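A.B. asks: Quick one: this structure, given as structure tokens, is what I'll be asking you about.
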Amino acid sequence: MRLEERMYSETDTQKVIECALHSGWHLDKAHAMYELALRALKDHSLLGVAWNCIGNEIVVATRQGPPLGQPAAAALLDAGQGEVERALAGVMQNWSIEQQRDLFLGSVEKSERYGLVSRLISSFGFTPKVEINKDGSIN
């Protein structure tokens with residue numbers, strides 16, 4: 017089943033959150049995070065929990081394919097909503113350097129990285145643990 021087919025579209029939000037936070041379900045977890053991200057775009061009170069779920073599954077692990085949280089992160093960031101960025105800045109303050117790095121590397125186009133981190137810093141007081149150069153490269 018593809019993420020766009022929305023496996024959890026008929027499931028209540030609390031159950032979607034439980035599935036997105038579940039430690040053992042892999043494919044289902046990706047579907048649940050994607051569904052939660054789509055719901056969070058309509059109900060901004062869900063943005064914090066959505067970003068927390070994504071943060072738990074954003075670090076690249078060797079030989080495991082893309083992180084499960086990557087599609088959900090892309091769905092939120094592609095929406096271009098200020099509330100999405102506000103919630104991200106708040107949650108990402110507590111993320112590890114690896115989580116921050118892998119979000120920017122995997123979910124944000126290189127040409128957009130510097131602009132995003134600059135907005136997070138200037139608008140929301142975000143303090144990044146990674147350095148993003150003007151060309152989008154990461155130190």
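Each residue of the sequence shown is one higher than the one before, counting from 17 in the numbering used here. Glycine included, every Cβ here is placed at the ideal spot set by N, Cα and C. Just so it is clear, the structure is predicted and the values come from calculations on it, not from any experiment.
With residue 107 and residue 64 assumed to form a contact (beta carbons below 8 Å), what rounded beta-carbon distance in angstroms separates them?
C.D. replies: Sure, about 6 Å apart at Cβ, within 8 Å.
A.B. asks: Among the residues of its own chain, which have a CB less than 6 Å from the CB of residue 17, if the five just before and after it don't count?
C.D. replies: Legend: pLDDT at residue 17 = 48, less than 50; position of this residue unreliable, value from coordinates given subsequently. Correct list, in chain order: 23.
A.B. asks: Can you give me the start and stop residues for the alpha helix (DSSP H) that residue 29 sits inside?
C.D. replies: 29-37
A.B. asks: Enumerate in chain order the residues of its own chain whose CB-to-CB distance from residue 154 is below 8 Å, with the five nearest sequence positions on each side excluded.
C.D. replies: 117, 120, 121, 129, 146, 147, 148
A.B. asks: Quick test of your reading: residue 52 and residue 36, contact by CB under 8 Å. State the CB separation rounded to the nearest angstrom.
C.D. replies: 5 Å between Cβ atoms; contact.
A.B. asks: For residue 38, count neighbouring Cβ atoms within 10 angstroms of its own Cβ and tell me buried if that reaches 16, exposed if not.
C.D. replies: exposed
A.B. asks: Round the Cβ separation of residue 85 and residue 73 to the nearest angstrom and send it over; I've been treating them as touching at under 8 Å.
C.D. replies: 4 Å
A.B. asks: In terms of residues, what are the limits of the alpha helix (DSSP H) holding residue 67?
C.D. replies: Unbroken alpha helix (DSSP H) run through residue 67: 63-72.
A.B. asks: In terms of residue numbering, what span does the alpha helix (DSSP H) encompassing residue 108 cover?
C.D. replies: 98-108
A.B. asks: Give me whichever residues DSSP pairs with residue 154 in a beta bridge.
C.D. replies: Looking at the DSSP assignment, residue 154 forms a beta bridge with 148.
A.B. asks: Classify residue 88: buried if its beta carbon has 16 or more other beta carbons within 10 angstroms, exposed otherwise.
C.D. replies: With 16 or more other Cβ atoms within 10 Å, it is buried.
A.B. asks: Quick one: Cα of residue 71 to Cα of residue 111, how far?
C.D. replies: 7 Å
A.B. asks: Consult DSSP for residue 93 and reduce its assignment to one of helix, strand or coil.
C.D. replies: helix
A.B. asks: On the CB-based measure, 16 or more other CB atoms within 10 Å of its CB, does residue 25 come out buried or exposed?
C.D. replies: exposed
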